[in-house]
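Before any comments, here is the structure.
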Amino acid sequence: MTDAAIEITGLKKTYAPSAKSPAKVALDGVDLTVPAGSIFGLLGPNGAGKSTMINIMAGLVLKSAGNVKIWGFDQDVNPRQSRAAIGVMPQELVLDPFFTPRGALDVQAGLWGVPKSQRRTMELLDLVGLADKADAYARSLSGGMRRRLLLAKALVHSPRVLVLDEPTAGVDIELRNMLWRNVRRLNEQGTTIILTTHYLEEAQEMCDEIAIIDQGRVITRDTTANLVGRVGAKTLVVTPDGPAQIPALPEGVSVSERPGGTLAFGYDARVMGAGTVLDAIRAGGMRIADVRTEEADLEDVFLQLTSKAREPSSAA
Ligand SMILES: Nc1ncnc2c1ncn2[C@@H]1O[C@H](COP(=O)(O)OP(=O)(O)OP(=O)(O)O)[C@@H](O)[C@H]1O
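Here the sequence shown is numbered in this note's numbering, starting from 251 and rising by one per residue.
Following this line, the structure appears as structure tokens:
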């Protein structure tokens with residue numbers, strides 16, 4: 251057992267120039283440790299370098315510099331063990347249309363050298379809810395079913411670390427819930443999960459820890475709770491009782507109108523409490539029919555951090 255499922259130090263990747271585009275620095279010195287047993291979120295805007303990092307971890311893209319250890323195996327020293335410790339469910343629906351799900355898993359297991367007696371073909375098809383499609387042609391599977399088959403394929407060699415690259419992009423709620431149930435179950439059984447997603451509320455709900463990467467660098471890494479707590483932004487949503495005048499507000503409080511006649515007062519909970527904002531609203535003569543607060547969420551944190559990373563002053 252190792253404490254770190256993944257240990258990345260000084261990882262750099264520059265894609266070579268082509269006739270159409272100049273050389274591109276995709277990873278610019280990444281240090282990252284993913285604790286064994288966690289569900290870890292890898293977030294970042296488009297083009298941040300997430301797929302490059304995943305592909306390097308999976309041994310699909312060659313790094314330019316740095317060190318990568320998967321489950322304690324150094325990629326350069328023990329390439330086979332390091333590759334065998336990780337399974338990737340890719341973003342694209344890449345499947346051979348002529349294979350049945352059973353056939354696809356058998357071929358994949360063969361590629362990994364899993365002996366026939368140790369193959370878990372039906373168990374995995376069952377896990378992803380495709381047992382009844384075991385012998386259907388892949389081309390007859392729906393998009394959601396293909397995605398589930400890709401998850402099963404990523405698991406045939408029982409990897410310690412499972413990487414899910416945008417697993418729920420464009421999938422319906424039912425499939426999304428099923429995927430998350432499976433992922434939680436795998437995690438409870440000891441698999442470390444690394445997840446990239448554009449759905450931040452999903453990352454907030456699923457991940458124990460999160461790294462945000464931007465422009466090829468890790469700009470922050472923390473527990474999800476700490477990250478969300480870092481942003482004090484809160485909103486007091488007030489439904490006025492009758493026509494309302496916007497009151498004079500303490501410094502730092504913003505106000506905007508929402509559909510349905512409610513008013514949203516934004517404030518920084520690290521600076522003042524909701525009572526101060528409410529007092530100011532009442533002092534302005536507004537009668538209140540209803541009031542509630544909204545917490546900051548991961549989206550606020552993400553936007554704040556990734557836009558900060560672009561400010562020239564923080565580039566130094
Ligand atoms: N094969 C390649 N050749 C040249 N440049 C590439 C290649 N693959 C990726 N890049 C560039 O490297 C940068 C990082 O891309 P990458 O796909 O790793 O980002 P990402 O964070 O996964 O983005 P997305 O969320 O859009 O998938 C981008 O600027 C991209 O254009």
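Using N, Cα and C, we set each Cβ at its ideal position, and we do this for glycine too.
Legend entry - Residue ranges of each beta strand (DSSP E) within the region 461 to 540, 3 or longer: Entirely contained in the region 461 to 540, the beta strand (DSSP E) runs reaching 3 residues are, in chain order, 467 to 473, 483 to 490, 504 to 507 and 513 to 518.
Legend entry - Beta carbon of residue 339 nearer than 8 Å to that of residue 417: The criterion of a C-beta distance shorter than 8 Å is satisfied by residue 339 and residue 417.
Inset, instruction - Rank 475, 556, 380 and 547 by C-alpha distance to the C-alpha of residue 464 and give the top, closest one. - result: The candidate whose alpha carbon is nearest that of residue 464 is 556.
Inset, instruction - Note the first and the last residue of the continuous beta strand (DSSP E) segment covering residue 257. - result: Segment 254 to 265, the beta strand (DSSP E) holding residue 257.
Inset, instruction - Kindly indicate if chain C contains any beta-carbon less than 8 Å away from that of residue 328. - result: Absent from the structure is chain C; it holds one protein chain and no more.
Inset, instruction - Figure out for me which residue from 542, 472 and 297 has the closest Cα to the Cα of residue 486. - result: The shortest C-alpha to C-alpha distance from residue 486 to any of 542, 472 and 297 is the one to 542.
Inset, instruction - Assign residue 344 to one of two classes, buried (16 or more other C-beta atoms within 10 Å of its C-beta) or exposed (fewer than that). - result: That one is exposed.
Inset, instruction - With a threshold of 7 Å, establish whether the CB of residue 449 neighbours any heavy atom of ligand 1. - result: Relative to ligand 1, residue 449 has its C-beta separated by 7 Å or more from all heavy atoms.
Legend entry - Alpha-carbon to alpha-carbon, residue 279 and residue 335: If I take the Cα positions, the gap works out to 23 Å.
Legend entry - Beta-carbon spacing of residue 260, residue 316 below 8 Å: Less than 8 Å divides the Cβ of residue 260 from the Cβ of residue 316.
Legend entry - residue 285 (DSSP reduced to helix, strand or coil): Note: residue 285 maps to strand in three-state DSSP.
Inset, instruction - Quick one: give me the first and last residue of the beta strand (DSSP E) that residue 413 is part of. - result: Note, residue 413: beta strand (DSSP E), 411 to 415.
Inset, instruction - For the beta strand (DSSP E) containing residue 318, list its first residue and its last residue. - result: Run containing residue 318: 315 to 320, per the beta strand (DSSP E) assignment.
Inset, instruction - Assign residue 473 to one of two classes, buried (16 or more other C-beta atoms within 10 Å of its C-beta) or exposed (fewer than that). - result: By the C-beta density criterion, residue 473 is exposed, having fewer than 16 other C-beta atoms within 10 angstroms.
Legend entry - Neighbouring residues (CB closer than 6 Å to any heavy atom of ligand 1): That query returns the following residues: 265, 274, 276, 294, 296, 297, 298, 299, 300, 301 and 302.
Legend entry - Pair within 8 Å by beta-carbon distance, residue 572 and residue 378: For the chain, the structure presents residues 251 to 566; residue 572 sits outside this window and is missing.
Legend entry - Helix, strand or coil at residue 270 [DSSP, three-state]: In the three-state reduction of the DSSP assignment, residue 270 falls in the coil class, being assigned neither a helical nor a strand state.
Inset, instruction - Just grab the DSSP bridge partners of residue 544 for me. - result: Partner(s): 485.
Inset, instruction - Since I believe residue 289 is in contact with residue 437 (beta carbons under 8 Å), could you give me their beta-carbon distance rounded to a whole number of angstroms? - result: Right, their Cβ atoms sit about 5 Å apart.
Inset, instruction - Check residue 290 in the structure and name its three-state DSSP category. - result: Secondary structure of residue 290 (DSSP, three-state): strand.
Inset, instruction - List the endpoints of the continuous alpha helix (DSSP H) containing residue 371. - result: 371 to 377 is the span of the alpha helix (DSSP H), which, as asked, contains residue 371.
Inset, instruction - Would you mind working out which of 270, 256, 341 and 284 sits nearest residue 457, comparing C-alpha positions? - result: When each option's Cα is compared against that of residue 457, the closest is 284.
Legend entry - Outcome for residue 454 when other beta-carbon atoms lying within 10 angstroms are tallied against a minimum of 16: Counting of Cβ neighbours within 10 angstroms places residue 454 among the buried residues, the total reaching 16 or more.
Inset, instruction - Look at the alpha carbon of residue 548 and the alpha carbon of residue 447, and state the distance between them as a whole number of angstroms. - result: Roughly 12 Å separates the two Cα atoms.
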